[in-house]
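Add 217 to the 1-based position in the sequence shown for my numbering, that's all there is to it.
Structure, as structure tokens:
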Amino acid sequence: MVNSSKILLILLIGGIGVQTVFAKKDKSAVAKDTVAVITEIETKIEPKIEPKKESKKVAKKDTTVKAVAEKEETIIKVDGILEVGFDNHYKADKKVTEYNRIGKAEVDVSMRPAKKIRAVIGFEYNRGDSVAIEIERQIIREDRRKDSIWIDTVFKEKHKVERTFTMDKLYAQYNPFNFSTIRFGYIKKSFGIEEKTSLDERYFRKRSIINDFLDSKGIDFLGHDLTLQYRHELGKKLDLRGGFSWTEDSKRYLQNYSAEYDDKKNNVILAAIIKHYLPDDDMITTFISSLSYKRTGNLLASEAELTYGTNPDLKSSGIDATILGARLKENFFINTGTSILNQVIPVAEAAIFSRDFKMDSTEFEAQFRAGLTLGFAKKSAFQWRNNYGVVSKIKEDDKKLWRRRFDSEVVVIF
Numbered sequence: 218m219v220n221s222s223k224i225l226l227i228l229l230i231g232g233i234g235v236q237t238v239f240a241k242k243d244k245s246a247v248a249k250d251t252v253a254v255i256t257e258i259e260t261k262i263e264p265k266i267e268p269k270k271e272s273k274k275v276a277k278k279d280t281t282v283k284a285v286a287e288k289e290e291t292i293i294k295v296d297g298i299l300e301v302g303f304d305n306h307y308k309a310d311k312k313v314t315e316y317n318r319i320g321k322a323e324v325d326v327s328m329r330p331a332k333k334i335r336a337v338i339g340f341e342y343n344r345g346d347s348v349a350i351e352i353e354r355q356i357i358r359e360d361r362r363k364d365s366i367w368i369d370t371v372f373k374e375k376h377k378v379e380r381t382f383t384m385d386k387l388y389a390q391y392n393p394f395n396f397s398t399i400r401f402g403y404i405k406k407s408f409g410i411e412e413k414t415s416l417d418e419r420y421f422r423k424r425s426i427i428n429d430f431l432d433s434k435g436i437d438f439l440g441h442d443l444t445l446q447y448r449h450e451l452g453k454k455l456d457l458r459g460g461f462s463w464t465e466d467s468k469r470y471l472q473n474y475s476a477e478y479d480d481k482k483n484n485v486i487l488a489a490i491i492k493h494y495l496p497d498d499d500m501i502t503t504f505i506s507s508l509s510y511k512r513t514g515n516l517l518a519s520e521a522e523l524t525y526g527t528n529p530d531l532k533s534s535g536i537d538a539t540i541l542g543a544r545l546k547e548n549f550f551i552n553t554g555t556s557i558l559n560q561v562i563p564v565a566e567a568a569i570f571s572r573d574f575k576m577d578s579t580e581f582e583a584q585f586r587a588g589l590t591l592g593f594a595k596k597s598a599f600q601w602r603n604n605y606g607v608v609s610k611i612k613e614d615d616k617k618l619w620r621r622r623f624d625s626e627v628v629v630i631f
């Protein structure tokens, strides 16, 4: 009896424990199911928030002429210079004063149809109105009653109007390799620092008496002729050039050679031009050479040039004459730090020149020029130039004024 009671009690307690365990399991399962259902409901009710995608702004391609020209695959590039002003030129030997109005435009267009091919064409327009006032005669008058003498001067005026539109350059360029360039067309010769410097950096409207003489009629060393030229670069600082030119009448043939070193601060050019002239049956050969140096700094640019050769004009008359010239130039760059007046540029140049140099003679021409340029806007693209210069002829101890010139002009560079 006792044993049966114990067994009954044990079964009762075990059943209660089993129910308790199952009850606990059911509650946890129910809890899990409830959480799952609630999560599913919240998911369906609340909108799904996706992270914002970063907007990628596509840069608009710059298709301006300037932007395209800066790339290797340049399509077209246009630059040039405009000049407007006046020029007063006194010729002492002729007793004539010329009052000229300046109007000049130079435009260069460069086109690249393919990567290694370029075509360049340059136009030049000149508009000049000049009035030359010449002393025709002087009459000496005497008044005996008042014991006085005076001179009546009679002037003569000559008006000249000039309108010229010329093709300054026209050539094709091909780069077979990265270090070589071939040009064919109407281009200027490689000759010295002054000839290399463009008008926007020369600051003087006219060239020095040396290069002005070399480009004059009858001398014809410089200028634009039909030319085949080859340029070979030795590294980034040194290049060699050789060219052959001939004129339309096929009476003048010119050989042009130059070696140039340029490291942005120091520029050295050694150049020579050999001219063969066929006036009749006999060939006349003359030459001109130049050694020039330029040092460029932040505040100063200095130039020195030495020219030596033979005079073609006198050589054709059977006279052996030596050309000798030297030139010094200083440019000062004063930055103002303002947005309107960008730079003040004082310029000074001295040159000495002989068309027929002889050791036992001291006959030569001397030139001195000074100027002041005011550069406005960025990179001094708008300039106001004012220059004054004199040329004197010196023979032995006699010195005579030959030319005097003052010019003022507004220059726009683009």
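Just so you know, even glycine gets a beta-carbon here, dropped at the ideal spot from N, CA and C.
Does the beta carbon of residue i sit closer than 8 Å to a beta carbon anywhere in chain D?
| i | result |
| --- | --- |
| lysine 546 | No chain D is present in this structure, which holds just one protein chain. |
Going by Cα to Cα distance, which pick from the options is closest to residue i?
| i | options | result |
| --- | --- | --- |
| isoleucine 501 | Ser509, Ile491, Val564 and Leu508 | Ile491 |
| valine 337 | Asn484, Thr513 and Gly402 | Gly402 |
| glycine 554 | Ser407, Ala594 and Ala309 | Ala594 |
| aspartate 417 | Ile298, Leu387 and Ser609 | Ile298 |
| alanine 322 | Tyr342, Gly409 and Asn305 | Tyr342 |
| asparagine 548 | Ile536, Pro563 and Gly542 | Pro563 |
| threonine 539 | Arg586, Trp619, Phe574 and Tyr420 | Phe574 |
| arginine 400 | Ser407, Ile410, Glu626 and Tyr447 | Tyr447 |
| leucine 523 | Arg344, Arg544 and Leu431 | Arg544 |
| alanine 518 | Tyr420, Phe461 and Lys308 | Tyr420 |
| alanine 488 | Asp497, His441, Gly459 and Leu431 | Gly459 |
| arginine 572 | Asp385, Ser433 and Lys386 | Ser433 |
| histidine 449 | Ser475, Ser467 and Ser425 | Ser475 |
Starting from residue i, trace the alpha helix (DSSP H) both ways and give me its first and last residue.
| i | result |
| --- | --- |
| lysine 413 | 409-413 |
| proline 496 | Where proline 496 is concerned, there is no enclosing alpha helix (DSSP H), given that its DSSP letter is neither H nor E. |
| phenylalanine 217 | With the chain represented from 218 up to 631, any question about residue 217 goes unanswered, as that position is not in the structure. |
| glutamate 418 | 416-419 |
| aspartate 530 | 529-532 |
Within a Cβ cutoff of 6 Å, which residues of the same chain sit near residue i, ignoring the five residues on either side of it in sequence?
| i | result |
| --- | --- |
| glutamine 600 | Thr590, Gly592 and Val628 |
| valine 326 | Val295 and Ile338 |
| methionine 328 | Ile293 and Ala336 |
| isoleucine 551 | Val561 |
| tyrosine 494 | Arg469 and Ile501 |
| glycine 435 | Asp530 |
| leucine 451 | none |
| isoleucine 334 | Tyr391 |
| valine 485 | Tyr478 and Tyr510 |
| phenylalanine 382 | Tyr342 |
| aspartate 304 | Asn317, Ile319 and Asp624 |
| lysine 612 | Glu580 |
| glutamate 411 | Asn428 |
Starting from residue i, trace the beta strand (DSSP E) in both directions and tell me its first and last residue.
| i | result |
| --- | --- |
| phenylalanine 438 | Where phenylalanine 438 is concerned, there is no enclosing beta strand (DSSP E), given that its DSSP letter is neither H nor E. |
| phenylalanine 504 | 501-513 |
| glycine 452 | That residue, glycine 452, is in no beta strand (DSSP E); it is neither H nor E in DSSP. |
| phenylalanine 396 | Careful: phenylalanine 396 lies outside any beta strand (DSSP E) and carries neither H nor E. |
| leucine 516 | From DSSP, leucine 516 is part of no beta strand (DSSP E); its letter is neither H nor E. |
In the DSSP assignment, what are the bridge partners of residue i?
| i | result |
| --- | --- |
| asparagine 603 | Leu589 and Ser625 |
| arginine 469 | Tyr494 |
| serine 475 | Arg458 and Ala488 |
| serine 327 | Lys294 and Val337 |
| aspartate 615 | Lys612 |
| asparagine 343 | Lys321 and Thr381 |
| serine 571 | Leu541 |
| isoleucine 557 | According to DSSP, isoleucine 557 bridges with nothing at all. |
| phenylalanine 549 | Leu517 |
| alanine 565 | Glu547 and Ala587 |
| phenylalanine 631 | According to DSSP, phenylalanine 631 bridges with nothing at all. |
With a CB to CB cut of under 7 Å and the five nearest residues on each side skipped, what residues in its chain are close to residue i?
| i | result |
| --- | --- |
| serine 597 | Asn559 and Gln560 |
| aspartate 429 | Lys423 |
| aspartate 310 | Trp619 |
| phenylalanine 585 | Ala567, Gly606 and Val607 |
| isoleucine 427 | Thr524, Gly542, Arg544, Ala568 and Phe570 |
Should residue i be labelled buried (16 or more other beta-carbon atoms within 10 Å of its own) or exposed?
| i | result |
| --- | --- |
| isoleucine 505 | buried |
| alanine 331 | exposed |
| glutamate 287 | Bear in mind that the predicted position of glutamate 287 carries a pLDDT of just 45, short of 50, making it unreliable; the figure below should be weighed with that in mind. Exposed. |
| tyrosine 391 | exposed |
| serine 578 | exposed |
| leucine 439 | buried |
| arginine 622 | buried |
| leucine 471 | buried |
| leucine 516 | exposed |
| phenylalanine 408 | buried |
| lysine 453 | exposed |
| aspartate 480 | exposed |
| lysine 406 | buried |
| isoleucine 319 | buried |
Among residues of its own chain, excluding the 5 on either side of residue i, which ones have a beta-carbon nearer than 8 Å to its beta-carbon?
| i | result |
| --- | --- |
| alanine 248 | With a pLDDT of 43 at alanine 248, under the threshold of 50, the modelled position of this residue cannot be trusted; read the value that follows with caution. Closer than 8 Å at Cβ, skipping near neighbours: no residue. |
| proline 393 | Lys333 and Ile399 |
| leucine 443 | Gly402, Tyr403, Ser462, Trp463, Thr464 and Glu465 |
| lysine 386 | Asp325, Val337, Ile338, Gly339, Gly402, Tyr403, Ile404, Lys405 and His441 |
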